[in-house]
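Number of protein chains: 2
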Amino acid sequence: MPALSRFTTVLRLFSETRDAWTVLAMSDALEVPASSVYRTVRELVAEGFLEPSANATYRLGAAFVEFDRLTRLTDPLMQMGKPILQEVVRQAQIVCVGLLARLYHETVMCIADAAVPGATFHPSYERGRPMPLMLGATSRVILAQLPARRLKRLWEKETLARRTRHKQFEELRHHLAAVRRAGYAITRGEIDKGLVGIAVPLVASTSGATASLSLVVEAKILDRALEHRLVLLLISSAQMLSEDLSPAKKLASGR
Amino acid sequence: MPALSRFTTVLRLFSETRDAWTVLAMSDALEVPASSVYRTVRELVAEGFLEPSANATYRLGAAFVEFDRLTRLTDPLMQMGKPILQEVVRQAQIVCVGLLARLYHETVMCIADAAVPGATFHPSYERGRPMPLMLGATSRVILAQLPARRLKRLWEKETLARRTRHKQFEELRHHLAAVRRAGYAITRGEIDKGLVGIAVPLVASTSGATASLSLVVEAKILDRALEHRLVLLLISSAQMLSEDLSPAKKLASGR
DNA sequence: ACGATATTATCGACATATGATAACTATGTA
DNA sequence: TACATAGTTATCATATGTCGATAATATCGT
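Going down the list, the sequences are from chains E and W. Quick note on numbering: our numbering labels position 174 of the first sequence as 174, and the sequence is numbered without any gaps. Just add 1000 to the spot in the second sequence (first one is 1) and you have our numbering.
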């Protein structure tokens, strides 16, 4: 019952499949009296997080577009990551999509993507889309970086509903240890059929967030040699990016 | 002092030039006790609107990226506008940038942009950036669409600090009436030196928001014939887009 | 202009925010 | 390792804003 959650519960109603809500529908869905929802919605509209649309419905507002631009311009990971990501895709010299992802609540979120001009496929990952924590190479290398305590907590949240055994957690721990040793992760078809993800960890000490750099390619064009080349490309790029992001000498910006 | 504003005043501190804040700095800037700011920040972090960064600073969070994606996917104007915008830029067959903009509070916000592959310049307009209401063709055609009452209110807000005369408002009214008759607006160098904006109104009855479709080109390549061609291109594209956005495809056309 | 629907205003009871201070927790350093 | 410092959370009495049913308006569709 903290104050902000009153607003976010309304905002969280909006989704890809349900993008316009009337106040009455919100009132029903949230089981909150209409008069209260009206008040809440009014405030959200005033601040630009919602806006009135056709037929007395409301949609997500332009404030999100505005703040998203600020994150694009100011987030060090995006700022420095985007050009490197594009360079990775270029140097790969094959049809592929590059991704920059990070931990976000109990999901992994892609915060930048770069496709070759004539990309023949679209991975599920795309900027701003929360993805499952326990699937895909991109997530794997992020999990592998987490301190044991944090990992345990996430695992517990993740498997709350499902009945899972402790043994499975130990298996995960071992698997992640192997990933950590190898320095990269590869998964095949875990997220999209026919696509392979190759990911390496990003150490962004300043940014705090644990992140990863990855490439998605079609399984059918990936042979052993190419796989090796891409892993090396990713590792060296991640190295470079991690250095860019590290204790930025004297030139601190805020304070 | 409604509840949401407590949070937005914090969020509004973040800008292009000041992207990382400590709690103490916020407390100073807002003249609110640190203990209160800590509480507010904690809630914003919990919901993903802020996130901790290096040196006890906070930055805008990934929730904005998430919600921005939803607007990209679901806003009818962006959904239908983006492909048409790209088509406009393609058909222009010159070096140019296309823009889709709309009214947002007391500003005009670009919600989609499309540049030719090898664009040699960058207009100030870019997705998510609020722009002045009284400058540029893009804004002009939006103002020209507004009901008199609304225009008056915006004008008054805009000119609150500055001492302006009533006569100037009448001039604006007349100018906008001319724009309305012409069906388009052209401005030269009002926003960016050496660039020209050509804009036409978008009638998006469902979306509610008044919007515009525009092209930015370099002044030096724009002659009378080209100008004419681009205006026609914009008008026909806007026509198409407006129809896409209109209420229903019931066979009856005359209203 | 009309009826229907959407939105805002009202108000007592109640819950939550406020802000000074104290307690606690990282984080870095000798 | 222990200490110091900055950063963060907890505490608590009080004031202020919220809640939700209902009534009063405003707006929409025709």
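The beta-carbon is built from N, C-alpha and C at its ideal position, and this holds for glycine as well.
query                                                                                                                                                                                : result
Which class does Tyr125(E) belong to by DSSP, given the choice of helix, strand or coil?                                                                                             : coil
Assuming Met109(E) and Met80(E) form a contact by the criterion Cβ under 8 Å, report the distance between their Cβ atoms to the nearest whole angstrom.                              : Not really, about 18 Å apart at Cβ, beyond 8 Å.
Using a Cβ-Cβ cut-off of 7 Å (strictly less than) and excluding sequence neighbours within five positions of Gly183(E), which residues of its own chain qualify?                     : Val200, Ile235
Label Gly1048(W) either buried or exposed according to how many other C-beta atoms from any shown protein chain fall within 10 Å of its C-beta, with 16 as the threshold for buried. : buried
Would you verify that the beta carbon of Ala1248(W) is, or is not, closer than 7 Å to some beta carbon of chain E?                                                                   : Its pLDDT being 47, under 50, Ala1248(W) is placed unreliably in this model, and the value from its coordinates should be taken loosely. No - not a single Cβ of chain E is within 7 Å of the one on Ala1248(W).
Any Cβ of chain W within less than 7 Å of the Cβ of Tyr104(E)?                                                                                                                       : yes
By the 10 Å Cβ neighbour count, where 16 or more other Cβ atoms means buried, how is Arg1127(W) classified, buried or exposed?                                                       : buried
So, under 8 Å CB-CB, Ser242(E) and Leu202(E) are touching, yes? Tell me the CB distance rounded to an integer number of Å.                                                           : 6 Å
Quick one: what's got a C-beta closer than 7 Å to Glu106(E)'s C-beta in the same chain, skipping five residues either side?                                                          : Leu133, Leu154, Lys157, Glu158
Could you tell me whether any Cβ in chain E is nearer than 7 Å to the Cβ of Ser1253(W)?                                                                                              : Its pLDDT being 32, under 50, Ser1253(W) is placed unreliably in this model, and the value from its coordinates should be taken loosely. Chain E, which has no Cβ nearer than 7 Å to the Cβ of Ser1253(W), makes this no.
Can you tell me which of the three DSSP states Met134(E) falls into?                                                                                                                 : coil
Given a limit of 9 Å on CB to CB distance, which residues of the region 1045-1072 of chain W reach chain E?                                                                          : Ala1046, Glu1047, Gly1048, Phe1049, Glu1051, Pro1052, Ser1053, Ala1054, Asn1055, Thr1057, Arg1059, Leu1060, Gly1061, Ala1062, Ala1063, Phe1064, Val1065, Glu1066, Phe1067, Asp1068, Arg1069, Leu1070, Thr1071, Arg1072
Please determine if the region 53-65 of chain E and the region 30-39 of chain E are in contact, where contact requires at least 3 C-beta pairs separated by less than 8 Å.           : no
Just the chain E side, please: which residues come within less than 7 Å of Gly1128(W) by C-beta, in chain order?                                                                     : Val65, Glu66, Asp68, Arg69
Report the residue from Thr1040(W), Ala1025(W), Ala1020(W), Val1141(W) whose alpha carbon sits nearest the alpha carbon of Thr1008(W).                                               : Thr1040(W)
Would a check of beta-carbon distances place Glu1158(W) closer than 7 Å to chain E?                                                                                                  : no
For Ser1212(W), which of helix, strand or coil comes out of DSSP?                                                                                                                    : strand
Terminal residues of the continuous alpha helix (DSSP H) containing Glu156(E)?                                                                                                       : 148-158
Tell me whether Asp1223(W) is buried or exposed, calling it buried when 16 or more other Cβ atoms sit within 10 Å of its Cβ.                                                         : exposed
Quick one: what does DSSP say Leu13(E) is sitting in, helix, strand or coil?                                                                                                         : coil
Measure the C-alpha to C-alpha separation of Phe121(E) and Ala1112(W) and round it to an integer number of angstroms.                                                                : 23 Å
I'd like to know if Asp192(E) contacts chain W, where contact means its C-beta is closer than 7 Å to some C-beta of that chain.                                                      : no
Out of curiosity, what's the CA-to-CA distance linking Leu1213(W) and Lys1152(W)?                                                                                                    : 23 Å
To the nearest angstrom, how far is the alpha carbon of Leu70(E) from that of Leu1060(W)?                                                                                            : 8 Å
Have a look at Ala1115(W), Ala1177(W), Ala1137(W), Glu1227(W) and flag the residue whose alpha-carbon is nearest the alpha-carbon of Ala1148(W).                                     : Ala1177(W)
Can you pull the chain E residues whose beta carbon is under 9 Å from the beta carbon of Asp1223(W), in chain order?                                                                 : Correct list: empty, because the minimum Cβ distance to chain E is about 32 Å.
Please determine, among Ala115(E), Ala54(E), Ala56(E), the residue with the shortest C-alpha to C-alpha distance to Ile84(E).                                                        : Ala115(E)
Could you pull the DSSP bridge partners for Arg1291(W) from this structure?                                                                                                          : The first residue shown for chain W is 1001 and the last is 1255, placing residue 1291(W) beyond what the model contains.
Under a CB-based cut-off of 7 Å, is Asp19(E) close to chain W?                                                                                                                       : yes
Do you know offhand how far Asp192(E)'s Cα is from Leu50(E)'s?                                                                                                                       : 33 Å
So with CB distances below 8 Å, who are the chain W contacts of Leu109(E)?                                                                                                           : One detail in the question is off: residue 109(E) reads as Met in this sequence, not Leu. The answer, in chain order, is Ala1062, Val1065, Glu1066.
Is Thr1008(W) close to chain E? Criterion is C-beta to C-beta, closer than 7 Å.                                                                                                      : yes
For Gly98(E), count neighbouring Cβ atoms within 10 angstroms of its own Cβ and tell me buried if that reaches 16, exposed if not.                                                   : buried
Roughly how many whole angstroms lie between the Cα atoms of Ser1237(W) and Leu73(E)?                                                                                                : 31 Å
Taking the alpha-carbon positions, what's the His1228(W) to Thr1057(W) distance?                                                                                                     : 52 Å
Select from Leu103(E), Arg129(E), Gln239(E), Ile221(E) the residue whose C-alpha is nearest the C-alpha of Arg188(E).                                                                : Ile221(E)
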